[in-house]
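Beneath this line is the structure, given in structure tokens, with notes to follow.
Protein chains: 2
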Amino acid sequence: MKALLTLLVLFLSGCAQTPAIRGTGDLGIVIERASGRVAIVDTTARSVLARVDGLGDLSHASAVFSRDGRYAYVFGRDGGLTKIDLLLGRIAKRVIQAGNSIGGAISQDGRLVVAQNYTPGGIKVFDAATLELLSEVPTGSKVVGLADLPGQRFAYALFDAGEIWLTDLSNPREPRTQKFPAGRQPYDGLVTPDGRHYMAGLFGEDGIALLDAWRPEAGARKILENYGRGEEKLPVFKMPHLRGWAVAGGRAYLPAIGRHEVLVVDTATWREVGRIAVKGQPVFVMARPDSRQIWVNFAFPNNGWVQVIDTPSNQIVQTLQPGKAILHMEFTPRGEEVWLSARDDNMVGIYDTATFTRKATLAADSPSGIFFTSRAHRTGF
Amino acid sequence: MKALLTLLVLFLSGCAQTPAIRGTGDLGIVIERASGRVAIVDTTARSVLARVDGLGDLSHASAVFSRDGRYAYVFGRDGGLTKIDLLLGRIAKRVIQAGNSIGGAISQDGRLVVAQNYTPGGIKVFDAATLELLSEVPTGSKVVGLADLPGQRFAYALFDAGEIWLTDLSNPREPRTQKFPAGRQPYDGLVTPDGRHYMAGLFGEDGIALLDAWRPEAGARKILENYGRGEEKLPVFKMPHLRGWAVAGGRAYLPAIGRHEVLVVDTATWREVGRIAVKGQPVFVMARPDSRQIWVNFAFPNNGWVQVIDTPSNQIVQTLQPGKAILHMEFTPRGEEVWLSARDDNMVGIYDTATFTRKATLAADSPSGIFFTSRAHRTGF
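Structure follows, in structure tokens:
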């Protein structure tokens, strides 16, 4: 009798501990880089739901999401690939897949997770469900700028070899790769929101390599020949993140390299049509989802500032000091709020993008990247 | 003792019946119009998870989703507004809010659900959590083309009064409305994907009314003066759905009215730049999320056909016969597949958009609208 009662209590508490049934459309993660941990967050309640430890070296970490929004795949600097269950608040699976990695991507159908590696170079293809290694593409070079494209394809750039590679993983165990000369030392890449154009920024020369993934046979061509460090070779405190490029109203907004400027480029001609003076060397230049505003953060020593550009006028309409060392920004899916990580203030600030008022502050241990599950439904993230 | 055992069994079965913990990013609903029912579907497994009865008259029904992806709000023709819990597979709340309704929208922050009504006209504003009525805006006219805009705003058109109204619900109990003359008998409206331009098609005259929601003070202006039924007043078997308008690569693709054509319009100048001959009178003209393809379905008697336009060439690249009475189409969030409802074949066909092969067929009772949770994160849906 007593045993049964105990059993009953156990089962009752078992039921009680079952995580709440809830949607995943308003979830996300914040990288706590110093402690190898991520915070699972809720963008409706503006709260931290759980923390997950044991992710290794999370400097320069990034994340993608499963198509159901339940799992985050976190790529750590130490080559760790960790699948986190956002609903159960725990690690579902973790593998060390390389010695030095800087990110990854997920296929259009959500079945393949691909990591890009510095050491030993190349990309590796994993089953998104099990993290089983399905195939790899050796490159003999550091890989940068990996981005998913429609049709189970992935584009990436080879820093040492100066090439853009386009790999088709329709058959994930038999990758088919096309290779295109791109220019000296591509250092990052991005794909336009429609998944059509892949661009790689060049560190070893001025200009950007552009590949039209709808006509890859035409090869990569060079655009924006004046984009780069230029003749003077200005000191660069932090390389801008191309992944932050904003495309709004037929214009691309790019971080200048070494200069206190945001460049405005016509996406029909890929020519520069203007420059906007800003507070420092821009790092992320990100469009609010409705593309009415562009938010910009900066490299040291100006990394306590954030500026907002109004796209119809290309004027700066707001300058904020949200905290010390603003490393990353993430908009809520429909853009009514933006989350900013302030690493040296150990907090995340949440701002209303219409009024620029702070709605909430969340404690976080040296926060860097912020990633929301709505990325699961977008291309090139 | 026996009572305790029974209790234990009850609790065990209670645990067992707890719905699976799962993500909501790959969920959706299919309207089964003849039976007042919706099917809850999973786009990863390509399966029906549950069916929910008791939704009343679902002819011309549409749906929006909560920002967490857990709830669907279904607007029925009979004025019923039903909140469905997709995870528990049941009705969470249902109200009869009007006598005759044709749809609704959800605010940028997900807190307000707004219904547009024919009888008695006007819009009604509900708390998304409780469906409590917060306010209403009487119009003295049938309301059509309701669409959400950034900043808790909603745009809609008045069929009888020939106006576009823009209502700000920043304070949901005190709506603030601006009114703009638009033209004779607007019959539907849409907002561009960036949430900037609201367009209302006119039934009583040729042309389309365009309001720039970034500069509403400039008022609505008329564009595409040759768009409409024209001098000949062609018979129109089914009014096209403007909500289906596709915008791809700086071009809008519109269903012609009464003609077997899709119109191509430059979105910078809003001038017509081409026409594409198709199988019938187009109803929905929808862009695949990467905008590489436009899918078109047709009014009776050609409603067994679907055609696919390749956007770089504006050529028809595929003609399909997916079933009898194709009423609606919905792309998976990243566009690798499309779901088509075949009302008179009582099934939904799921196609690979790259190969045009059928991947699966799901039985459904007179299916019409198909809506996936990824709409929660988009503007103007």
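Which chain is which? The protein sequence lines are F and D, in order. Residues 1 to 381 (the working numbering) make up the first sequence, in order. Residues 1001 to 1381 (the working numbering) make up the second sequence, in order. Glycine included, every Cβ here is placed at the ideal spot set by N, Cα and C.
Within chain F, the C-beta atoms nearer than 8 Å to that of residue 1376(D) come from 25 and 333, in chain order. With a cutoff of 8 Å on beta-carbon distance, residue 349(F) and residue 324(F) are scored as not near each other.
Residue environment analysis places residue 152(F) among the buried positions, since at least 16 neighbouring C-beta atoms fall within 10 angstroms of its C-beta. Within 10 angstroms of the beta-carbon of residue 39(F) lie 16 or more other beta-carbons, which makes it buried.
DSSP places residue 145(F) in the uninterrupted beta strand (DSSP E) bounded by 143-149.
Within the same chain, 208, 210 and 270 come within 6 Å of residue 223(F) by CB-CB distance, once the 5 residues on both sides are set aside. Counted as a single uninterrupted DSSP element, the beta strand (DSSP E) harbouring residue 1119(D) occupies residues 1112-1119. Annotated as proximal: residue 158(F) and residue 141(F), with beta-carbon spacing under 8 Å. Interface annotation, residue 146(F): not in contact with chain D, CB-CB separation never under 8 Å. With the criterion set as a beta carbon lying under 8 Å from some beta carbon of chain D, the members of the segment 185-214 of chain F are 194, 195, 196 and 214, in sequence order. In this model, residue 308(F) and residue 354(F) are separated by some 11 Å (Cα to Cα).
For residue 1025(D), the CB contacts under 8 Å within the same chain, skipping 5 residues up- and downstream, are 1069, 1333, 1373 and 1374 in chain order. When the alpha-carbon of residue 306(F) is set against those of 289(F), 312(F) and 329(F), the nearest one is in 329(F). About 14 Å separates the CB atoms of residue 1064(D) and residue 1102(D); that is not less than 8 Å, and the two are not in contact.
Segment contact: the segment 34-54 of chain F against the segment 84-91 of chain F, three or more CB-CB distances shorter than 8 Å; contact assigned. A buried status is given to residue 1297(D), since no fewer than 16 other beta-carbon atoms sit within 10 Å of its beta-carbon. Residue 1193(D) sits in coil when the DSSP states are folded into three classes, being neither helix nor strand. Residue 1222(D): member of the beta strand (DSSP E) spanning 1221-1223, first to last residue. For residue 1083(D), the uninterrupted beta strand (DSSP E) segment begins and ends at 1080-1085.
In the DSSP assignment, residue 47(F) falls within the beta strand (DSSP E) that extends over 47-52. Across the structure, residue 181(F) and residue 315(F) are spaced so that their CA atoms are roughly 37 Å apart. Straight through space, the alpha carbons of residue 370(F) and residue 74(F) are spaced by roughly 11 Å. Taking a beta-carbon distance threshold of 8 Å, residue 44(F) counts as an interface residue toward chain D. In this model, residue 1130(D) and residue 1150(D) are separated by some 23 Å (Cα to Cα). Around the beta-carbon of residue 1226(D), fewer than 16 other beta-carbon atoms lie within 10 Å, marking it exposed. According to the DSSP assignment, residue 359(F) belongs to the beta strand (DSSP E) that extends over 358-363. For residue 162(F), the closest C-alpha among the options 31(F), 187(F) and 121(F) is that of 187(F). With respect to the 8 Å criterion, residue 56(F) and residue 78(F) are classified as neighbours on the basis of their beta carbons.
The residues 253, 254, 255, 256, 275, 276, 278, 282, 285, 294, 296 and 309, in chain order, have a CB closer than 8 Å to that of residue 262(F) in the same chain once the five nearest residues on each side in sequence are set aside. Any Cβ of chain D closer than 8 Å to the Cβ of residue 291(F) would place that residue at the interface, and such an atom is present. In the three-state reduction of the DSSP assignment, residue 1217(D) falls in the helix class.
Against chain D, the CB of residue 336(F) has a partner CB under 8 Å away; the residue lies at that interface.
Nearest to residue 1029(D) by C-alpha distance, out of 1380(D), 1362(D) and 1379(D), is 1362(D). Per DSSP, the unbroken beta strand (DSSP E) holding residue 274(F) starts and ends at 271-277. Using a Cβ-Cβ cut-off of 8 Å, residue 266(F) is close to nothing in chain D; its nearest Cβ partner there is about 11 Å away.
For the 8 Å CB-CB criterion, residue 250(F) and residue 1250(D) form a contact.
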